[in-house]
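The sequence shown begins at 170 in our numbering and counts up one residue at a time. Only one structure is covered here, and it is reproduced in the block below.
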Amino acid sequence: MEEEGLLESQTEDLLAYPNKSSSSSLLSEISNVSTRPFVLAFIVCSCGAFVCGCVTGYSAPTQSGIMKDLNLSVADYSLFGSILTVGLILGALICGKLTDLVGRLYTMWIINIFFLTGWFTIAFAKGVWMLDIGRLLHGIALGISAYLGPVYMTEITPRNLRGAVSSFSQLFAILGSSVFYALGTVVAWRNLAILG
170 MEEEGLLESQ TEDLLAYPNK SSSSSLLSEI SNVSTRPFVL AFIVCSCGAF VCGCVTGYSA
230 PTQSGIMKDL NLSVADYSLF GSILTVGLIL GALICGKLTD LVGRLYTMWI INIFFLTGWF
290 TIAFAKGVWM LDIGRLLHGI ALGISAYLGP VYMTEITPRN LRGAVSSFSQ LFAILGSSVF
350 YALGTVVAWR NLAILG
C-alpha cells in the first residue's frame, strides 16, 4: 500500500517536472518559475536571515569597546552575550501562537519592530540594563524568525526549488554573522548597532 502511494507521488513528480532528472541549472529553473511576488518574498526572507546572522555576530568583536565605554565587568558582558539565548527561548515559546493569532505577514512586521528596537536600544545604551534589554529583544525576534522564515519560504517556494531556497537562507545567516565579525574590527560598537 505504501509502495503504491510512493509510486504515485513519484509519477506525479515526473509528470509535473519532466526535466527533473536532467541536469538543468538552478538559474534556468528559477527563471521558469520566478514571479515578482516570489522573488520579492525570497529577498525579504533572505534579508531577515542576514539580520539574524548580524545579531549573532555582534557581541564578539564589540566586547572590548562596550566594556571600556560603559565600564562593564566580565560578568556584566557575559550576561549581555548570553541573554540572547533567553530571548530565543521566549521567542520559540510564543512564535506558534503569535503566528496563528496575527498571521505570518504581521508576525514578520512584529519581528522587524523587535530587531529595530533592539538595535537602537543597544546603540544608545547608557548602561548594562539597556544593553541587556536590546539583546533580549533580539533573542525574542530570533526565536520567532527561526520558525517563521523557513516555514514561510517553504510555503511559497515551488517544490523543485525548496532545497535551494532553504540553503540560501542559511547562507545569508552565516554571511550576516561574518560581515558583522569583520565590520566589528573596524567600526565602533554603537555605529555597528546602528548599521544592524
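We put the CB at the ideal spot given by N, CA and C, even for glycine.
task: Measuring alpha carbon to alpha carbon, tell me which of Ala-315, Gly-296, Thr-231, Gly-332 ends up nearest Thr-254.
output: Here residue 254 refers to the residue found at position 85 of the sequence shown. Nearest C-alpha to Thr-254: Ala-315.
- request: Throw me the rounded Cβ distance for the Phe-341 and Ala-218 pair, which I believe falls under 8 Å.
  value: Taking the sequence shown and counting its residues from 1, one reaches residue 341 at position 172. Taking the sequence shown and counting its residues from 1, one reaches residue 218 at position 49. Contact flag correct, Cβ pair sits at about 4 Å.
task: Quick one: using the 10 Å Cβ neighbour count with 16 as the cut-off for buried, is Ser-346 buried or exposed?
output: Taking the first residue of the sequence shown as 1, we reach residue 346 at position 177. When all chains shown are included, Ser-346 counts as buried.
field: Whole-angstrom C-beta distance between Leu-248 and Asp-301, which should lie under 8 Å
entry: Stepping through the sequence shown from its first residue, residue 301 is reached at position 132. Stepping through the sequence shown from its first residue, residue 248 is reached at position 79. Rounded, the Cβ-Cβ distance is 6 Å, consistent with contact.
query: Starting from Tyr-227 and walking both ways along the alpha helix (DSSP H), at which residues does that stretch end?
result: Stepping through the sequence shown from its first residue, residue 227 is reached at position 58. Where Tyr-227 is concerned, there is no enclosing alpha helix (DSSP H), given that its DSSP letter is neither H nor E.
field: Ile-343 and Gly-250 closer than 9 Å at C-beta
entry: For this step, residue 343 is matched to residue 174 along the sequence shown. For this step, residue 250 is matched to residue 81 along the sequence shown. Against a cut-off of 9 Å, the Cβ pair of Gly-250 and Ile-343 comes out as no contact.
task: Return the chain-ordered ranges of every beta strand (DSSP E) run that is complete within the segment 266-352 and spans a minimum of 3 residues.
output: Secondary structure remark: continuous beta strand (DSSP E) runs of at least 3 residues inside the segment 266-352: none found.
message: Does Ala-357 come out as helix, strand or coil in the three-state DSSP assignment?
response: By one-based count along the sequence shown, residue 357 stands at place 188. Looking at Ala-357 - three-state DSSP - the assignment turns out to be coil, as it is neither helix nor strand.
task: Report yes if the CB atom of Cys-264 is closer than 9 Å to the CB atom of Gly-312, and no otherwise.
output: The count along the sequence shown starts at 1 and reaches residue 264 at position 95. The count along the sequence shown starts at 1 and reaches residue 312 at position 143. Yes, these two residues count as a Cβ contact at 9 Å.
task: Under 8 Å by Cβ, that's how I've got Thr-231 and Gly-353 pegged, so tell me the actual separation to the nearest angstrom.
output: Residue numbering aside, residue 231 sits at position 62 when the sequence shown is read from its first letter. Residue numbering aside, residue 353 sits at position 184 when the sequence shown is read from its first letter. Confirmed, about 5 Å.
message: Which residue wins for smallest C-alpha separation from Asp-245, given the options Trp-298, Gln-339, Ala-292?
response: By one-based count along the sequence shown, residue 245 stands at place 76. Per the Cα distances, Trp-298.
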